[in-house]
Structures are given as structure tokens and as C-alpha cells.
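S.K.:
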Amino acid sequence: MTKYEVNILKVGDQVTKIFKGVRNKISIKKARLFLFLSSKDLLTGTHSRTYFEKFIEKLGKKSSEKIGIMICDIDGLKLINNTLGSAVGDEVLRSTAHCIKEVLQNKGLIARIEGDTFAILIKGAEGLEMKNITDCMTKKFLSQKVFNVKLNVSIGFALGNTSEKHPRVIYKEAEDNMNMAKLSAINSTRYDIVKASMKILEERDLFTSKHVSRMEEVAVKIGEKMNMLPNDMSNLKLLVKFHDIGKIGIPDQILKKPGLLTKEEYEEIKKHCEIGYRIIKSVSSLAPIAPLALSHHERWDGQGYPQGLKGEEIPLLSRLIAIVDAYDAMTNDRPYKKVLTHEEALAEIQRCSGTQFDPKLVKIFIEATVN
């Protein structure tokens, strides 16, 4: 091998070492970035579940460490995402994390361990201290609102010494205590979310709030004519209020379109019955009207949606609300429809008796609304 070739090899070795050094530095940076990202929840700035689990495993190996674990679970986050949108849900998560940080004042480890759940671990915690933190957090959450939705967070905590209990056992006790607290709060939380959704829908579609108040007046008149029982009258009023809540899931460009809908847009609008059904069913106090809201666009002849129910297969209150809904739509201003007089609307309802509407209810409706 010539001297020239030997020098070339030496230069090559030096270049290789330089590249290896650069590559190693890049790899170290990537590894550090990966460790940082895996230890953090980027949305809330708290620690991640992975970090939390590694932390309690280390604590479990110590002979004696007194700890308190607190679980904070946001009530109704899935419903918030489904009704108000994931952007509102993300803001709820950030606000919850912010409240926790403010109360703890850097005392303890905070981690987001599930989509809607935070865990807090405090070393050397005492029972009274944990109770005071719980009380302060509860007050803090109740004072916060995100897009008209109150922060409702169920909290449970547990204490123990790692010499007697593994941190996972303490975590499970805290989770069980949180679930007990959640049972009493979840229904009122969901009802608040549904009301907030209705308010947002009314702000998106100004027709909605006036439509509901007019419909209630007419529906009550029909209910009285039918000598409805108090429970049925109550369900009728709730159905009037929430029958169109599923429209919260319909895009503005369709909901507010001034002209006639295309076939595809109409299919999208039809989804509001099923969306509304799922929202209403999530609240136990409203659950009885969920199937009624699902069926309020069914037709007497079976040509309606979403299930194609026919005749008396359709719930009575759904059949009634269909007539009241159609009457109000015909007699009030819509940009794409001519407004009909009271007499013209009654004539149209009469014409659709036996096809779109229940004939017996049409007769009662006309008798009750004749001026």
C-alpha cells in the first residue's frame, strides 16, 4: 500500500470518528427529548401516566415512605367533547390542571393518568392535610366555568405507608373513594352540560329559543285538551325543550344555510335525532324522553326517520310533537319558506293526516287551536 493510500485511510478514519461523534450527540438529544415527552402531558403540562407509574414503583421498593394519593376525575368530559367539541374539552382539561396546581403550590406530583383523570401524590401527607386540600380544590373547581360549563370534578384520596402497603394499593383505595364521590355528582353535572349545550345551540340558531317557547305554549294546550296526566305533561314540556338538542352536532354551514339543503346535507341534518338521543340518555333525569326525542321525525305512514316506525309504533308524545313542530315551522319566518297563515297551516296539517301525522291527534290539534 502506498503512502498516499495510507494517508487517505487515516483521513477516512478521522471523518468516520467525527460523524460517529455527531451521530452520538444527536442520538443523546433524541433520547433526552423522548424521555421528556414521555414524562409530560403536553396538553396540561402535568406529568404523564408513564412517569407516574415509574415513580410509584420506585416508592414501592423503599422500606418506609408515608404518602397520600388523590384522584381527581372530571365529570362528563366525554359528553362535553361530544356536544360542545374537543376544543372545549381540552380547555376544561387545562383549567382543571391549572386549578390543581394553584391549590398545591408545587407540593406534590401531579400526573394526567387517563383522558379525564389526574393523580396527585404527596409525600409525608397527613389525613387532615389531604382533607383540606380536597376542600380547597372543590371550592376552586366550583368557582371556574369554561364556556358556561362549571368544572365538576370528583375527588377521592387515601393514605398509607409503603412499609405496610404498596403505593398501587393506596392508589386503588383513592380511586374507589373517588368513584363513590362521583356517583352523587355525575347526574347533575351531565344535566348542566346538556343545559349549556342547549344555550349554545340557541346562540348559534336564534330560531331555536323562540321556536321552543312557541311550541311549549301550543303543546301544553293540546296536552290539557287530552287531559294528560302530570307525568306525561312534564315529559311533554321536556321533550319540547330538548327535542332538537342533537343539532348541536350539525355544522353551522348546514344548520344556518339560507336555501334548500342538498340531498347530502339533508342526510346530515337527519342525524340530529340520534345525536340528541345519546345526549339526553346520558342524563338519568332526562332518560325517559330520550326515545321520544329519537322518534320525533317518524311519520304515521312509516316513511319518516331514523327508524321508519309506523302508526302507533311511534310513541304518543313523539307523534304529538311532530304536529306541533310542523305547525310552528309553517307559521313562522324561515328564509327558504313562505310563512303560512294559521288557517293555511291547519289545512296543510289536515292534508297530511293519515300520511305524515296521526289522524286522531290531528283532529285534537285542530280543535284545540281553532281561533
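Take the sequence shown: its letter number 6 is residue 194 in my numbering, and every next letter is one higher. Ideal placement from N, C-alpha and C gives every residue a C-beta, glycine not left out.
Looking at C-alpha atoms only, which residue of Ile468, Thr326, Glu452, Ser342 is the closest neighbour of Asp304?
M.R.: Residue Ser342 is the option with its Cα nearest to Asp304.
S.K.: Straight-line CA distance for Gly315 to Ala362?
M.R.: Computed Cα separation, rounded: 13 Å.
S.K.: For Phe335, name the three-state secondary structure that DSSP assigns.
M.R.: Phe335 falls in the coil class under three-state DSSP.
S.K.: Please classify His530 as buried or exposed, where buried requires at least 16 other C-beta atoms within 10 Å of its C-beta.
M.R.: Its Cβ having fewer than 16 others within 10 Å, His530 is exposed.
S.K.: At which residue ranges does the segment 440-467 contain complete alpha helix (DSSP H) runs of 4 or more residues, listed in the order of the chain?
M.R.: Fully enclosed alpha helix (DSSP H) runs of 4 or longer: 440-443, 451-457.
S.K.: For Tyr239, which option in Leu272, Ile268, Asp263, Ala307 has the closest C-alpha, if you only look at C-alpha atoms?
M.R.: For Tyr239, the nearest C-alpha among the options comes from Ala307.
S.K.: Pull up the distance between the alpha-carbon of Lys551 and that of Leu534, whole angstroms please.
M.R.: Rounded to the nearest angstrom, the two C-alpha atoms are 10 Å apart.
S.K.: For the structure I just gave you, are there three or more beta carbon pairs, one from the segment 418-429 and one from the segment 496-516, closer than 8 Å?
M.R.: Contact between the segment 418-429 and the segment 496-516 is present, because at least three Cβ pairs lie under 8 Å.
S.K.: Reducing DSSP to helix, strand and coil, say where Leu389 ends up.
M.R.: Looking at Leu389 - three-state DSSP - the assignment turns out to be helix.
S.K.: Assuming the contact rule is C-beta atoms closer than 8 Å, Thr519 and Leu505 should be a hit. Round their C-beta distance to whole Å, please.
M.R.: At roughly 21 Å, the Cβ-Cβ gap does not stay under 8 Å, so Thr519 and Leu505 are not in contact.
S.K.: Would you call Leu265 buried or exposed, if buried means 16 or more other Cβ atoms sit within 10 Å of its Cβ?
M.R.: Under this definition Leu265 is a buried residue.
S.K.: Quick one: Cα of His387 to Cα of Lys413, how far?
M.R.: According to the sequence shown, residue 387 is Lys rather than His. Using only the alpha carbons, I get a separation of about 31 Å.
S.K.: Which residue's Cα is closest to the Cα of Ala285: Asn340, Met318, Ala313, Lys249?
M.R.: When each option's Cα is compared against that of Ala285, the closest is Asn340.
S.K.: In chain order, what residues of the same chain have a beta carbon less than 7 Å from the beta carbon of Ser252, not counting five sequence neighbours either side?
M.R.: Asn349, Thr350, Ser351, listed in sequence order.
S.K.: Let's see if you can read the secondary structure: which residues bound the alpha helix (DSSP H) around Met318?
M.R.: 315-330 is the extent of the alpha helix (DSSP H) around Met318.
S.K.: Could you say which of Gln544, Leu309, Pro439, Ala481 lies nearest to Lys498 if we only look at CA atoms?
M.R.: Out of Gln544, Leu309, Pro439, Ala481, Gln544 has the C-alpha closest to the C-alpha of Lys498.
S.K.: Need the endpoints of the alpha helix (DSSP H) that Phe553 sits in, please.
M.R.: Segment 547-557, the alpha helix (DSSP H) holding Phe553.
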